[in-house]
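Residue numbers for the sequence shown follow our numbering, beginning at 24 and rising by one.
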Amino acid sequence: TYVDVSRRTDPGRIPAVWENLREVVGAHDAPWVVQVWTKSVGGVLALGGDTLRALVDAGATVTTQVTVTGLAGTIWEPGVPADSVDRLGELAAILGGPDHLTWRYDPIIPTVHSIETYARLAHEVADQGVMRGVINYLAPPGRYKRVDRRLAAVLPGWSGGMPGYDDAWRLAVAREAVAVAGEVGMRLSCCAESAGLAEVVPGLHRAACGDGAWFAALSGRDAPPVGGRGSRPGCGCLRYFDVGNYGYWSRCHRCAYCYAG
Numbered sequence: 024t025y026v027d028v029s030r031r032t033d034p035g036r037i038p039a040v041w042e043n044l045r046e047v048v049g050a051h052d053a054p055w056v057v058q059v060w061t062k063s064v065g066g067v068l069a070l071g072g073d074t075l076r077a078l079v080d081a082g083a084t085v086t087t088q089v090t091v092t093g094l095a096g097t098i099w100e101p102g103v104p105a106d107s108v109d110r111l112g113e114l115a116a117i118l119g120g121p122d123h124l125t126w127r128y129d130p131i132i133p134t135v136h137s138i139e140t141y142a143r144l145a146h147e148v149a150d151q152g153v154m155r156g157v158i159n160y161l162a163p164p165g166r167y168k169r170v171d172r173r174l175a176a177v178l179p180g181w182s183g184g185m186p187g188y189d190d191a192w193r194l195a196v197a198r199e200a201v202a203v204a205g206e207v208g209m210r211l212s213c214c215a216e217s218a219g220l221a222e223v224v225p226g227l228h229r230a231a232c233g234d235g236a237w238f239a240a241l242s243g244r245d246a247p248p249v250g251g252r253g254s255r256p257g258c259g260c261l262r263y264f265d266v267g268n269y270g271y272w273s274r275c276h277r278c279a280y281c282y283a284g
C-alpha cells in the first residue's frame, strides 16, 4: 500500500491529517510507502515527527515531497515558513537519508519566477544532500475558477489570459532549470502537465511523484503490479490512498495559487 500525506492539504499545518494516518495504520499495519507532501518541514517535524519515526521503525519506507519556491511569507504564500531548507537535514535523519527527499519548485509563476532564486535554492537544497528535483508550472487561466479569482487580484494580465504564458516561455524556463540542476548534480523532472518538455529538453525527465522505481529502490521491494491513478492526465504516479481532506485553505498556508481549497 502506498499512502499519501497529503496532496489535499499540508500536514505541516493540519493535525487532522496525522490523526487520519494513525487511524489507517492502526487498522491495517504499516504501509509499504508513506509519502509526505509539505511546504513546512518544521510543521511536519512538530506535528508528525514521532509518527514518522514509528513508521520507519515498523518497516515502512517514508519519503517526502518538499515544496520550496522562495516565495514564503509573500502574497503568494503568506502562511509558509521560510526555514524548510534549513530543516531538511532533520527530516532526512528520521527517514533514512536525503535520498528519501524530493525538492519541488512548484509552481513556476509567470512574471514572478526568477532563475536567480531557483539557482540559489537548488544549491542550498543540494548542499543538504537532496538530489531529486521536480518543476511544475502554474495551472493556466480557466482551469480553476477560485484560483482565477485570487490570481486576477495579484497577477497583472491573468484575467486577460496571461499573454506570454506559453510553450515558448515554459521551454526557456525548463532549459535554464536543467542547466542549474546539472551544476549541482541534481536529477530534474517535470510534472504531468509539462511532461512534453521532457521530450525536447535534454536532461529533463518525466516525473512520477509516486515513483514506483524510487520506492522499490529505497524499500528493497518491488512495486506492486497495480495500475496508476494519476492526479491528472499524463500523471505517472502509482495508485495511492490519500489520508487528507480538502477544504482547509483558510487554515493552511493560504497560497494564492492553491486549487485544493
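Note that the Cβ used here is the ideal one computed from N, Cα and C, for glycine as well.
Specify the secondary structure class of residue i as computed by DSSP and reduced to three states.
i: Gly226; result: coil
i: Ser29; result: coil
i: Tyr160; result: strand
i: Ser212; result: strand
i: Asp122; result: helix
i: Asp234; result: coil
i: Val56; result: strand
i: Val170; result: helix
i: Val153; result: coil
i: Thr140; result: helix
i: Thr134; result: coil
At a Cβ threshold of 8 Å, is residue i touching chain B?
i: Val56; result: Given the protein chain composition of this structure (a single chain), no chain B is represented.
Apart from the five residues just before and just after residue i, which ones in its own chain have a Cβ nearer than 6 Å to its Cβ?
i: Gly152; result: Pro121
i: Ile117; result: Leu75, Arg76
i: Val103; result: Lys62, Ala95, His276
i: Val56; result: Tyr25, Thr84, Phe238
Leaving aside the five residues before and after residue i along the sequence, list all residues of the same chain whose C-beta is less than 8 Å from its C-beta, in chain order.
i: Thr125; result: Thr86, Thr87, Gln88, Val89, Val153, Arg155, Gly156, Val157, Cys232
i: Arg45; result: Thr74
i: Trp192; result: Pro133
i: Ala115; result: Pro121, His123, Leu124, Gln151, Gly152, Val153
i: Arg110; result: Val64, Gly65, Leu68
Could you tell me which residues DSSP puts in a beta bridge with residue i?
i: Phe264; result: Val26
i: Tyr128; result: Ile158
i: Glu100; result: Ala95
i: Val89; result: Thr61, Trp126
i: Thr74; result: Thr74 pairs with nothing; no bridge assigned.
Would you say the beta carbon of residue i is closer than 7 Å to some non-hydrogen atom of the ligand NAD?
i: His51; result: Ligands in the displayed structure: none, and consequently the ligand NAD is not present.
Return the chain-ordered list of same chain residues with a C-beta closer than 7 Å to the C-beta of residue i, the five sequence neighbours on each side being excluded.
i: Val40; result: Val28, Ser29, Thr32, Pro34, Val266, Gly267
i: Gly205; result: Gly226
Between the region 26-39 and the region 258-278, do three or more beta carbon pairs fall short of 8 Å?
-> yes
Are the region 179-187 and the region 226-242 touching by the rule of at least three beta carbon pairs closer than 8 Å?
-> no
Can you find at least 3 beta carbon pairs, one from the region 125-138 and one from the region 159-175, that sit closer than 8 Å?
-> yes
Can at least three beta-carbon pairs, one atom from the region 66-77 and one from the region 93-103, be found at a separation below 8 Å?
-> no
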